[in-house]
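Asker:
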Amino acid sequence: MMILLFLLFLGISALLFKFITADGDFTLMSKKHVKRDEIEDKVVWITGASRGIGEILAKQLANLGAKLILSARNEAELERVKAQLTGKHAPNEVQILPLDLASGEDSLRQAVEKAESFFARSGVDIMIHNAAFERPATFDVNVFGTLSLTRLLAPFMLRRGRGQFVVMSSAAGKAPAPGQAVYSASKFALNGYFHTLRSELCQKGIKVTVVCPGPIETSNGSGATTSTKRSSSEKRVSSERCAELTIIAASHGLKEAWISYQPVLAVMYLVQYMPTMGYFLMDKIGGNRLEAAAKKGNTYSLGLIFGKRKAT
C-alpha cells in the first residue's frame, strides 16, 4: 500500500512539474515533433510574413520543404525575408504577394486568385492567418479582412476536397485581457468564427487549427501577440519556439493549441474548465494589471493578485 501511495505521489509530482515548466497545453506538448509529410511540398500562404512570428514561420516552413506565398503590406520587407529563406523550394520558388487585409473584398479576391495560380496544378493547401493589428485598425484587419480572405479562399479548397486554415489567435481570445479589451474582442471573434467554420466544413476535408499564444518575445517588439509595454521580468516564449509549436500543432491537425509559460497558461486552464474561479481571478487582477502596464511593469506577474505594491 505504501509503495502504491509513493508511486502515486511521484506521478502527481511529475505531472505538476511538467505543468509548471510547460510552454504549451498538455495535448500540444505530447506531440513533440512536426509531421514533415504534412508540410513538405505543400503550398503554404502566410499573412503578416514580413516580421515577427510570420517571418520566423516562413523560415521554419521553408526549411521543412514547403512552397511558400508570403503576404504583408510592405513588399520590400517581404523581399528581404524571401532572400533569407533556405530549403527545398526556397528562395527561388517563394512567391511574394503584397496584401492589405483592410483593402476591401475586390482586392482580396484578386489576391486569392493570384495565390491559387502561383503553383501549377496546386492551389493553397494551408492558409496561415498571422497578420494582426492591436490598434487602430483592429477589427478591420484581425476580423473582417481575415474572414473575407477565408470566405474567398474556402471554395477553392472545397473543390479540391482538402485544405487547412491555421489561425494565430491569442490567449487574449480565451481569457480576459485587462488593458486590451478591443484586441481581446477581435481574438474572441476569430475563435468563434473558425471553430464554427471547422464544424461546418470538417466533413468536407477542411481542417482548422486555432493557435492561442500568450506573451511572445519578438525581435522588434511589435508582433501581434506581444505588447510594447514590457518588463525585463516578464517571461516570454521566444518567437522561434512559438513558430515551432504552431507548425507542430498544424501538422498534427490539432483543433486548438495554447502556447505560453505560467501564469498565463494556468489562467487559460482556469477560464476554460473552471470559469467562475477564472473570471473571479481576472476581476481581482484587472485594475492592478492596468496600473502595472501604465508603469511599464510586469503585466503577467502573480504579484498582481496581491495588490498595487506587487504590480510593478
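Residue numbers -22 to -1, 1 to 290, in mature numbering (1 follows the signal peptide of the UniProt record, and there is no 0), belong to the letters of the sequence shown in order.
The beta carbon of each residue, even a glycine, is placed where N, CA and C say it ideally should be.
(1) Inspect the beta-carbon positions of glutamine 73 and isoleucine 34 and report whether they are closer than 8 Å.
(2) Give the single residue among Pro156, Leu125, Ala244 and Ile104 whose Cα lies nearest to the Cα of threonine 187.
(3) Let's test the definition: count the other Cβ atoms within 10 Å of the Cβ of glycine -22 and tell me whether it reaches 16, buried, or not, exposed.
(4) Check whether the region 129 to 140 touches the region 44 to 61, counting contact only when three or more Cβ pairs, one atom from each stretch, lie closer than 8 Å.
(5) Buried or exposed for residue 369, please, with buried defined as at least 16 other CB atoms from any protein chain shown within 10 angstroms of its CB.
(6) For proline 133, does the count of other Cβ atoms within 10 angstroms reach 16, so buried, or fall short, so exposed?
(7) Can you check which of these residues, Val145, Lys273 and Arg267, is closest to alanine 235 by C-alpha distance?
(8) In whole angstroms, what is the alpha-carbon distance linking histidine 173 and glutamine 181?
(9) Can we say the region 34 to 45 touches the region 212 to 223, given the rule of at least three CB pairs closer than 8 Å?
(10) Give the single residue among Ala(-1), Ala50, Val189 and Thr25 whose Cα lies nearest to the Cα of histidine 230.
(11) Hey, out of Ala54, Ala272, Ala50 and Ile194, whose CA is closest to alanine 149's CA?
(12) Does the contact criterion of 3 or more C-beta pairs under 8 Å hold for the region 84 to 103 versus the region 16 to 30?
(13) Taking the CB atoms as reference points, tell me whether proline 69 and serine 49 lie closer together than 8 Å.
(14) Suppose you measure from the CA of glutamate 91 to the CA of threonine 224; what does that come to, to the nearest Å?
(15) Which residue from Leu39, Leu42 and Leu268 puts its Cα closest to that of glutamine 158?
(16) Tell me whether the beta-carbon of alanine 40 lies closer than 8 Å to the beta-carbon of threonine 64.
(17) Which residues in the same chain have their Cβ closer than 8 Å to the Cβ of isoleucine 263, if we skip the five residues on either side of it in sequence?
(18) Quick one: grab the DSSP three-state call for phenylalanine 143.
(19) Can you tell me which of Leu243, Pro253 and Leu175 puts its alpha carbon nearest to the alpha carbon of methionine 7?
(20) I'd like to know whether the C-beta atoms of tyrosine 161 and threonine 124 end up nearer to each other than 8 Å.
(21) Assuming valine 12 contacts isoleucine 226 under a Cβ cut-off of 8 Å, what Cβ separation, rounded to an integer in Å, is found between them?
(22) Would you list the residues sitting across from methionine 105 in a DSSP beta bridge?
(23) Where does leucine 77 fall in DSSP's three states?
(24) Give the single residue among Leu131, Val121, Ser126 and Phe143 whose Cα lies nearest to the Cα of phenylalanine 166.
(25) Compute the beta-carbon to beta-carbon distance between threonine 25 and alanine 109, rounded to the nearest angstrom, for a pair I have assumed lies under 8 Å.
(26) So, with DSSP's three-state summary, where would you put serine 49?
(27) Leaving out five residues before and five after threonine 204 in sequence, what residues of the same chain have Cβ atoms less than 6 Å from its Cβ?
(28) Checking 8 Å against the spacing of the C-beta atoms, do leucine 168 and serine 147 come in under that value?
(29) In the structure shown, what three-state DSSP assignment does glycine 43 receive?
(30) Where do the ends of the alpha helix (DSSP H) carrying glutamate 218 lie?
(31) Buried or exposed: where does alanine 202 fall if 16 or more other Cβ atoms within 10 Å of its Cβ makes it buried?
Answerer: This is what the structure holds:
(1) no
(2) Ile104
(3) Looking at the sequence provided, one finds methionine at residue -22 rather than glycine. Classification of methionine -22: exposed, given that the 10 Å Cβ count is below 16.
(4) no
(5) Residue 369 lies beyond the residue range present for the chain, which begins at -22 and ends at 290; the question has no answer from this structure.
(6) exposed
(7) Val145
(8) 14 Å
(9) yes
(10) Val189
(11) Ile194
(12) yes
(13) no
(14) 26 Å
(15) Leu268
(16) yes
(17) Pro156, Leu282 and Ile283
(18) strand
(19) Leu243
(20) no
(21) 5 Å
(22) Trp23 and Phe143
(23) coil
(24) Val121
(25) 4 Å
(26) coil
(27) Legend: pLDDT at threonine 204 = 41, less than 50; position of this residue unreliable, value from coordinates given subsequently. The answer, listed in chain order, is Ile194 and Thr196.
(28) yes
(29) coil
(30) 217 to 229
(31) Residue placement at alanine 202 is flagged as unreliable, the pLDDT there being 39, under the threshold of 50; the coordinate-derived value follows with that caveat. With 16 or more Cβ atoms within 10 Å of its Cβ, alanine 202 is classed as buried.
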